[in-house]
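Chemist: Which chain is which? The protein sequence lines are B and F, in order. Residue numbering for the first sequence follows full-length UniProt numbering, beginning at 1 and increasing consecutively. Residue numbering for the second sequence follows full-length UniProt numbering, beginning at 1 and increasing consecutively.
There are 2 protein chains.
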Amino acid sequence: MEKVRYGIIGIGNMGVSHAHNLCGEIRGAELTAVCDTNPERLEWAKQHLPESVQLFDEPEAFWASKAMDAVLIAVPHYDHPGMAVKAFENGYHVLVEKPAGVYTKAVREMNEAAAKSGKQFGIMYNQRTNPLYIKLRDLIQSGELGEVRRTNWIITNWYRSQSYYDSGGWRATWAGEGGGVLLNQDPHQLDLWQWTTGMMPKRVRAFCHFGKYRNIEVEDDVTAYVEYENGATGVFVTTVGESPGTNRFEITGDNGKIVIENDKLTFWRLRVPEPQFNREYKGGFGQPECWVCDIPVAGGGGPQHKGILQNFTNALLHGEKLLAPGEEGILGLTISNAMHLSAWTDDWVDLPLDEDLFYEKLQEKIAHSTFRKDPAAAAVLDVKGTH
Amino acid sequence: MEKVRYGIIGIGNMGVSHAHNLCGEIRGAELTAVCDTNPERLEWAKQHLPESVQLFDEPEAFWASKAMDAVLIAVPHYDHPGMAVKAFENGYHVLVEKPAGVYTKAVREMNEAAAKSGKQFGIMYNQRTNPLYIKLRDLIQSGELGEVRRTNWIITNWYRSQSYYDSGGWRATWAGEGGGVLLNQDPHQLDLWQWTTGMMPKRVRAFCHFGKYRNIEVEDDVTAYVEYENGATGVFVTTVGESPGTNRFEITGDNGKIVIENDKLTFWRLRVPEPQFNREYKGGFGQPECWVCDIPVAGGGGPQHKGILQNFTNALLHGEKLLAPGEEGILGLTISNAMHLSAWTDDWVDLPLDEDLFYEKLQEKIAHSTFRKDPAAAAVLDVKGTH
């Protein structure tokens, strides 16, 4: 293969952004096909994309076309796993938008189809290209921070106005999106939370508020507490209702603490690990000597979506290792599902997750939904510059 | 009254510190009496305090002496309410160390005795003299921040080594202290949390870990989630086991957010309140214009213990308003008790607190305690420079 031919299914907000990137920004990639069942979206594609791009108004012809080597899935969340399975069955490599899906039952099936196909499978976790989180993962995985004791992510700078929610009929409904801030805005942080630390919670207790700040039926405000196997604890706070909001990720370990905030990573490094100090110290109020370390991190936010597209293209062309293997999409989604289930049952949720119970409860939410939107309010918003 | 004569009961760590302050540092105050049942402590007083200070080796003679106008209570936590009641009954004004007590049942009785006595009643909430928290309270109470939506206090810089706990037999036991970090280190933050915001939680869900980092039977690590009457939520994270720890208090409201960290207060102020922006905005990803405001706050940590002693003295001499009325000690303790009760019952705790249930559970902890310390390890630690 000299060039990877990409087909995009779903040419909405994110699909448009990816189409622009694939038309010239990614070495070794070309956009050769687009599929969308919405005539307006397809009309947009006709007017804005190169003439060489084949257009499909229904998936079956798209799958049958062999017009591409890899499919980029940018349809609404619920359809991610089903579309991916279809793509694998038709012999395509798959790059799926986040979240991996809405419920882990379906995502597990997607992962199984991927394994069976032997094709490359990636997920659009573009924040894994951010040098800050790459460095954090490095400092934890290499042992510099020592055993992790606490994680604390305040990620409340996902401000979304009511007009944002009014812009798409599927947005922020149980049937359309399967959740709110956890499903749409937080998949990146839920992924990075476990990817950087290398730890999944063993149980979750979450407090979700549904339609608290916006006229929506799903959660727009969440506080979650988690416990890990090694005894560490964690807190995750998120909302779309606060401005200017905060994005501050603090991780403490035996050797000090790391904080990522304001696009800066700082490591408060203890000269001796805290447990050693505690064993040896005989005084009253002393504590370990601490060095505030400025850790070099490349500026900017990294190549983001383009970085994932380039990495996936390089994986197909040159065997480059995937930054964000698709199979890992289930991890962040499991945490997200556990948070919902904990709030719905007002109780602890143990991991591994009871996937059937979550699915059942989600179906109840969909069945009992009385939320109707005015479809006329729908509009394609320009998401350039947002993640 | 030209001078307020103070008697200190309990001349341990804090009592020693207050004794030093009352011998010359506080205008209009003099130390005239000290009571402690421990001969070694009394011997310390004899050697280090002015000869004019009367020494008492048992409380009854101290109460009967009329050697002072006001009693400063610095005995172990459990005895605070009982000693205060005694002091009021004997006609003294009372300044009590924090916490107000260990369980709110007793503290309520103390408050009733204070009301009945007509005497002045203060509590050593020295952090209320810190200009940062005074300014925060001002910004909230004056409406600058707007309706409070979220509070988040990470207060993990209360590092205490095992040697600290080994230094006093009563420390960190259910029978001796009635709790750990919540009872000993956090009373200031639990007070400021409600004092600055003017809000008490309506329910609490807390996760306490007992003897996680130290060989103690009480909590040394706590994460708590609270909900307020107005729909706001809050998180409080604390431990003695992390170094260097964090002290970061974030409060968000309709008009932006305030963060106190590194002895600095910053106000991210929205040009128009968020709810108004949300009503009027018709675009996709916009948010309110935000001004980062440096708010002038006097440097240093304020007069702290000396400030409370001076204020209490001024209240008696000149009718100055108390910064920390003793009756308010029950508020922070109620939150503390609710956190313990939530962890013990692994469930929500609604406020007003079920005081009898808390008392009953605490008695169970005391009865089932098997924790014994080596009394020989006890030592008076120098707490100058700590709060």
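Don't be surprised by glycine CBs; every beta carbon is placed ideally from N, CA and C.
Closer than 9 Å, Cβ to Cβ, to anything on chain F: give me those residues from the segment 45-69 of chain B, in chain order.
Modeler: Of all residues in the segment 45-69 of chain B, none has a Cβ within less than 9 Å of some Cβ in chain F.
Chemist: Give the residues of chain F in contact with Phe121 (chain B), contact being defined as C-beta atoms less than 9 Å apart.
Modeler: Chain F residues near Phe121 (chain B): none, gap ~30 Å exceeds 9 Å.
Chemist: For Asp79 (chain F), which residues of its own chain have a beta-carbon under 7 Å away from its beta-carbon, when the five flanking residues on both sides are left out?
Modeler: Here the set comprises nothing.
Chemist: Where does the unbroken beta strand (DSSP E) through Trp348 (chain B) begin, and where does it stop?
Modeler: That residue, Trp348 (chain B), is in no beta strand (DSSP E); it is neither H nor E in DSSP.
Chemist: Could you tell me whether the Cβ of Ala376 (chain F) comes closer than 8 Å to any Cβ of chain B?
Modeler: With a pLDDT of 49 at Ala376 (chain F), under the threshold of 50, the modelled position of that residue is not reliable, and the figure given next carries that caveat. Not an interface residue.
Chemist: Taking only beta-carbon atoms, is Cys290 (chain F) less than 8 Å away from chain B?
Modeler: Yes, its Cβ sits closer than 8 Å to a Cβ of chain B.
Chemist: Going by beta carbon distance, what residues of the same chain come within less than 8 Å of Gly326 (chain F), once the five residues before and after it are set aside?
Modeler: Around Gly326 (chain F): Ala84, Val94, Leu95, Val96, Ala100, Met110, Asn111, Ala114, Phe121, Gly122, Ile123.
Chemist: How many angstroms separate the CA atom of His209 (chain B) from the CA atom of Val237 (chain F)?
Modeler: Spanning the two alpha carbons is a distance of roughly 21 Å.
Chemist: I want to verify the contact list: residues of chain B whose CB lies under 8 Å from the CB of Thr233 (chain F), in sequence order.
Modeler: In chain order: Phe207, His209, Asp221, Thr223.
Chemist: Tell me which residue opens and which closes the alpha helix (DSSP H) that Leu317 (chain F) is part of.
Modeler: Looking at the DSSP string, the run of the alpha helix (DSSP H) that includes Leu317 (chain F) is 304-318.
Chemist: Here's the rule: buried if 16 or more other CB atoms are within 10 angstroms of the residue's CB, otherwise exposed. What is His368 (chain B)?
Modeler: Label assigned to His368 (chain B): exposed.
Chemist: Among the residues of its own chain, which have a CB less than 7 Å from the CB of Arg137 (chain B), if the five just before and after it don't count?
Modeler: Trp195, Thr196.
Chemist: Are Phe371 (chain F) and Thr233 (chain F) close, meaning C-beta to C-beta below 8 Å?
Modeler: Taking 8 Å as the Cβ cut-off, Phe371 (chain F) and Thr233 (chain F) do not qualify as a contacting pair.
Chemist: Could you compute how far the alpha carbon of Glu328 (chain B) sits from the alpha carbon of Asn126 (chain B)?
Modeler: Computed Cα separation, rounded: 13 Å.
Chemist: Taking contact to mean 3 or more Cβ pairs, one atom from each stretch, closer than 8 Å, check whether the segment 168-188 of chain B and the segment 245-260 of chain F are in contact.
Modeler: Taking 8 Å as the limit for Cβ pairs, the verdict is that the segment 245-260 of chain F does not touch the segment 168-188 of chain B.
Chemist: Give the residues of chain F in contact with Tyr125 (chain B), contact being defined as C-beta atoms less than 8 Å apart.
Modeler: By Cβ distance, chain F contributes nothing, its closest Cβ being about 21 Å from Tyr125 (chain B), past 8 Å.
Chemist: Rounding to the nearest angstrom, what Cα-Cα distance links Ser17 (chain F) and Ala33 (chain F) in this structure?
Modeler: Going from the Cα of Ser17 (chain F) to the Cα of Ala33 (chain F) covers about 15 Å.
Chemist: Quick check on Phe285 (chain B) - is its C-beta less than 8 Å from some C-beta in chain F?
Modeler: Answer yes: the Cβ-Cβ gap between Phe285 (chain B) and chain F drops below 8 Å somewhere.
Chemist: Tell whether a beta-carbon distance below 8 Å holds between Met339 (chain B) and Ala175 (chain B).
Modeler: The answer is no: Cβ separation not under 8 Å.
Chemist: Would you say His387 (chain F) lies against chain B (beta-carbon separation less than 8 Å)?
Modeler: Since pLDDT at His387 (chain F) reaches only 39, below the 50 mark, its modelled position is unreliable, and no value is offered.
Chemist: Shorter than 8 Å from the beta carbon of Ile140 (chain F) to some beta carbon of chain B?
Modeler: With 8 Å as the cut-off, Ile140 (chain F) does not count as an interface residue toward chain B.
Chemist: With Leu341 (chain B) and Leu357 (chain B) assumed to form a contact (beta carbons below 8 Å), what rounded beta-carbon distance in angstroms separates them?
Modeler: About 7 Å separates the two Cβ atoms, so the contact holds.
Chemist: Spell out whether any CB of chain B is found under 8 Å from the CB atom of Gly12 (chain F).
Modeler: Chain B contact via Cβ: absent.
Chemist: Mind pulling the beta strand (DSSP E) runs of 3 or more residues that sit fully within the segment 135-199 of chain F?
Modeler: Within the segment 135-199 of chain F, the complete beta strand (DSSP E) runs of at least 3 residues are 148-155.
Chemist: Quick check: Gly179 (chain B) and Val218 (chain B), are their CB atoms within less than 8 Å of each other?
Modeler: In this structure, Val218 (chain B) lies closer than 8 Å to Gly179 (chain B) by Cβ.
Chemist: In chain order, what are the residue ranges of uninterrupted alpha helix (DSSP H) at least 4 long that sit wholly in the segment 239-309 of chain B?
Modeler: The qualifying runs are 274-280.
Chemist: Does the CB of Asn278 (chain F) have a neighbour CB from chain B at under 8 Å?
Modeler: By this cut-off, Asn278 (chain F) is an interface position.
Chemist: Count Cβ pairs between the segment 279-297 of chain B and the segment 264-284 of chain F that sit closer than 8 Å; are there 3 or more?
Modeler: With a cut-off of 8 Å, the segment 264-284 of chain F and the segment 279-297 of chain B do not count as touching, because too few Cβ pairs lie within range.
Chemist: By the 8 Å beta-carbon criterion, what residues does the segment 262-273 of chain F contribute toward chain B?
Modeler: Per Cβ criterion, the list reads Trp268, Leu270.
Chemist: What residues from chain F crowd round Gly300 (chain B), counting only those whose CB sits closer than 7 Å?
Modeler: Per Cβ cutoff of 7 Å: no residues; Gly300 (chain B) is ~20 Å from chain F at best.
Chemist: When the cut-off is 8 Å and only beta carbons count, does Ser17 (chain B) lie next to chain F?
Modeler: So no, Ser17 (chain B) is outside the interface.
Chemist: So Tyr159 (chain B) contacts chain F; which residues on that side make the cut at Cβ distance below 9 Å?
Modeler: Residues of chain F passing the Cβ test: Glu274, Phe285, Gly286, Gln287, Pro288.
Chemist: What residue range does the alpha helix (DSSP H) around Arg41 (chain F) cover?
Modeler: Its alpha helix (DSSP H) spans residues 39-48.
Chemist: What in chain F is Cβ-close to residue 393 (chain B), meaning under 9 Å?
Modeler: Nothing about residue 393 (chain B) can be reported from this structure: the residues present for chain B run from 1 to 387 only.
Chemist: Pull up the CB-CB distance for Leu317 (chain B) and Val4 (chain B), whole angstroms please, since I reckon it's below 8 Å.
Modeler: Correct: roughly 6 Å between the Cβ atoms.
Chemist: Suppose contacts are defined by Cβ-Cβ distances below 8 Å. Is Leu72 (chain B) in contact with Val53 (chain B) by that definition?
Modeler: No, Cβ-Cβ distance for Leu72 (chain B) and Val53 (chain B) is not below 8 Å.
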